[in-house]
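Q: For reference, each letter of the sequence shown is one residue, going 0 to 259 in numbering that gives the first Met the number 0.
Glycine included, every Cβ here is placed at the ideal spot set by N, Cα and C.
Handing you a structure now.
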Amino acid sequence: MSFTQTLVEDHGAVRRITLNRPDKLNALNREAIAELMRAFDDAAADARVRAVVLTGAGPKAFVAGADIGEMNTLGPVAGREFSLHGQRLMTRIERLGKPVIAMINGFALGGGFELAMACHLRIAADTAKIGQPEIGLGLIPGFGATQRLQRLCGRAAALELCLLGANIDAARAQQLGLVTRVVPAAELDAETMKLAAQLAAAAPLALRGTLDAVLIGGEMPLDAALDYESQQFALLFSTDDMKEGTSAFLARGKAEFHGR
Ligand code: COA
């Protein structure tokens, strides 16, 4: 698969996808969004891939937002298309069915943090800066932040971030529950890949069940969501991996999961 703005590499069962526009702080233009969509489609379809790491190239930025130069030229119809294009990518990542880690190595602003919020775990360098600065552009977030932010950190913090548009540092983002872990910048890569390797060794169908129960069940009324959880739980009793995991525990051995 050929890309101009995206790098894709495999480290064992971990696929690493890097947005590669460092001269523009990895800003998301339409082409970059389309490439990421293809890269994630490919990761979903490839059974060898069991976890994904998403990051941005260069020392400064994860992704500094949607491409402001491109947005500057749009009218309302194209603006809506741009928003839907971005939202489709975020939903694709969120519903990948495999765990995705955002490795936040610098600025994660606007569409950049929306991209990180679509991932399932967010690990940030202690130097990272996070925010929704769209208000300063006369805009609101258009790739999902008005909804995902309040689900992650509550309505008060979501409103503060979007109304004031100020960046926060990684420690504050962790306090708000927006990032899972903060590590020294020099250790970010190794820590993220360690976490990804741990996920890649876990039972893929149980990971999938967890993602579905939390993400799909989380949008249902409680009774229906609990019933859905039970169904996901029951389904796993049909898998070799469940027999492997429980038998290995009883034999005090180490389970090897194969996604069956
Ligand atoms: N869209 C398009 N280009 C962007 C961009 C974006 N969101 N963010 C950064 N860039 C470009 C800059 O225009 C500059 O390009 P140039 O060298 O061709 O002029 C390059 O990336 C480097 O950015 P620069 O602003 O010079 O770096 P800095 O270290 O001074 O500032 C930021 C870094 C992140 C504070 C600043 O780039 C910024 O505020 N970016 C926009 C953030 C934003 O509003 N995002 C939300 C968009 S919805």
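Give a yes or no on whether the C-beta atoms belonging to S82 and F142 are separated by under 8 angstroms.
A: yes
Q: Please go through the same chain and pick out, in chain order, the residues whose beta-carbon is closer than 6 angstroms to the beta-carbon of V182, but skip the five residues on each side of it.
A: These residues qualify, in order along the chain: E190.
Q: To the nearest whole angstrom, what separates the beta carbons of I103 and A127, a pair I think is in contact under 8 angstroms?
A: The Cβ separation is near 5 angstroms, so the contact holds.
Q: Entirely within the stretch 19-103 and at least 4 residues each: give me those alpha helix (DSSP H) ranges in chain order.
A: You should have 29-44, 67-70, 75-93.
Q: Return the residue from the list A250, E255, Y227, S229 that minimises the CA-CA distance to D239.
A: E255
Q: For the ligand COA, is there any heavy atom lying closer than 7 angstroms to the beta carbon of E133?
A: yes
Q: With contact counted as at least three CB pairs below 8 angstroms, one residue from each stretch, are the stretch 163-179 and the stretch 11-29 in contact?
A: no
Q: Can you tell me whether DSSP reads F106 as helix, strand or coil?
A: strand
Q: My output table needs one value for D125: the three-state DSSP class, helix, strand or coil.
A: coil
Q: Count the other C-beta atoms from every protein chain shown that fall within 10 angstroms of the C-beta of K242, then say buried if there are 16 or more, exposed otherwise.
A: exposed
Q: Need the endpoints of the alpha helix (DSSP H) that T209 sits in, please.
A: 203-214
Q: Determine the contact status of K97 and L234, defining contact as a CB-CB distance below 8 angstroms.
A: For K97 and L234, no; Cβs fall outside 8 angstroms.
Q: State the Cα-Cα distance for the pair C152 and E159, rounded to the nearest angstrom.
A: Rounded to the nearest angstrom, the gap between the Cα atoms of C152 and E159 is 11 angstroms.
Q: Do V62 and G68 have their C-beta atoms closer together than 8 angstroms?
A: Taking C-beta atoms as the reference points, V62 and G68 fail to come closer than 8 angstroms.
Q: Less than 8 angstroms between the C-beta atoms of V52 and V13, yes or no?
A: Yes.
Q: By the three-class DSSP mapping on this structure, what secondary structure does L249 have?
A: helix
Q: Let me know the secondary structure DSSP gives E8 once reduced to three states.
A: strand
Q: Which residues does DSSP list as the beta-bridge partners of L120?
A: Residue pairing by DSSP places L120 opposite I100 in a beta bridge.
Q: Quick check: I129 and A157, are their CB atoms within less than 8 angstroms of each other?
A: In this structure, A157 does not lie closer than 8 angstroms to I129 by Cβ.
Q: Within its chain, find whatever has a CB closer than 7 angstroms to the CB of C118; leave out the 5 residues flanking it on each side and keep chain order.
A: L53, I92, V99, I100, A101
Q: According to DSSP, is G244 part of a helix, a strand, or is it coil?
A: helix
Q: Is it the case that the CB of A123 approaches a heavy atom of the ligand COA more closely than 7 angstroms?
A: Not one heavy atom of the ligand COA falls within 7 angstroms of the beta-carbon of A123.
Q: Are there any heavy atoms of the ligand COA lying less than 7 angstroms away from the beta-carbon of F106, as far as the coordinates show?
A: yes
Q: Name the residue from A123, G164, A247, A196 whose alpha carbon lies nearest to the alpha carbon of E186.
A: A123
Q: Measure the alpha-carbon distance for A42 versus R49 and round it to whole angstroms.
A: 9 angstroms
Q: Give the DSSP-derived three-state secondary structure of G135 in the structure shown.
A: DSSP, reduced to helix, strand and coil, places G135 within a helical segment of the structure shown.
Q: How far does the alpha helix (DSSP H) with R171 in it reach, from first residue to last?
A: 169-174
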